[in-house]
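K.L.:
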Amino acid sequence: MFFLGVNLPDNKVVSIALTSIFGVGRTTGSRICNQLLIHPQCRLKDLPEDKVTQLSTLLNGMTIETELRKQIADNISKMVQIGCYRGLRHKAGLPVHGQRTRTNGQTAKKLNKSRLSIGE
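Everything in the sequence shown is counted per the UniProt record's numbering, starting at 1 for the first residue and increasing by one.
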């Protein structure tokens, strides 16, 4: 099922299928199902049309997918611009949250290098 620009797997349970959307995890998916009174074991292909419309209106009110990605990128660029410690770590391509760098900084260096090249 193609939903809000994301292809959701039809054969999965609704709360698990919603995790394919960036910004919706397992907890948020379960809360959405509880709020819309969707049975926990209901599959996406068995969902009635009225529940699908309720689901789309609920998800339209949330910050997900491209909006969330843009918000995260804006927050990182703001930190880099003001020159705070986390911004400097992002700019240098080093781990941001206090991880050790003597032996284990290589993964963060690789990831942040690719992020910086995309942002520039």
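Note that CB positions come from ideal geometry on N, CA and C, so glycine has one too.
Please return the same chain residues whose Cβ sits closer than 6 Å to the Cβ of D10, not counting the five positions on each side in sequence.
P.N.:
M1, L44 and K45
K.L.:
Name, in chain order, the residues that DSSP records as bridge partners for V80.
P.N.:
BP columns for V80 are empty, so no partner.
K.L.:
With H, G and I counted as helix, E and B as strand and the rest as coil, what does DSSP make of R69?
P.N.:
helix
K.L.:
State the CB to CB distance for the pair V14 and L47, rounded to an integer number of angstroms; the pair is presumed to be in contact (CB under 8 Å).
P.N.:
6 Å
K.L.:
Might you give, ordered along the chain, the residues of its own chain that have their beta carbon closer than 8 Å to the beta carbon of T19, omitting 5 neighbours on each side?
P.N.:
Non-local C-beta neighbours of T19 in its own chain, meaning closer than 8 Å and more than five positions away in sequence, comprise G25, R26 and G29, ordered along the chain.
K.L.:
Using 7 Å as the threshold, is the C-beta distance between V80 and R89 below it?
P.N.:
no
K.L.:
Can you have a look at I21 and say buried or exposed, based on whether 16 or more other CB atoms are within 10 angstroms of its CB?
P.N.:
buried
K.L.:
How far does the alpha helix (DSSP H) with L58 in it reach, from first residue to last?
P.N.:
E49 to N60
K.L.:
Could you check the C-alpha separation between I64 and G23 for me, to the nearest Å?
P.N.:
5 Å
K.L.:
Check the C-beta distance from L94 over to G105 and give it rounded, since I have them as a contact under 8 Å.
P.N.:
6 Å
K.L.:
Just mark L55 as buried or exposed, buried being the case when its beta carbon has 16 or more other beta carbons within 10 Å.
P.N.:
buried
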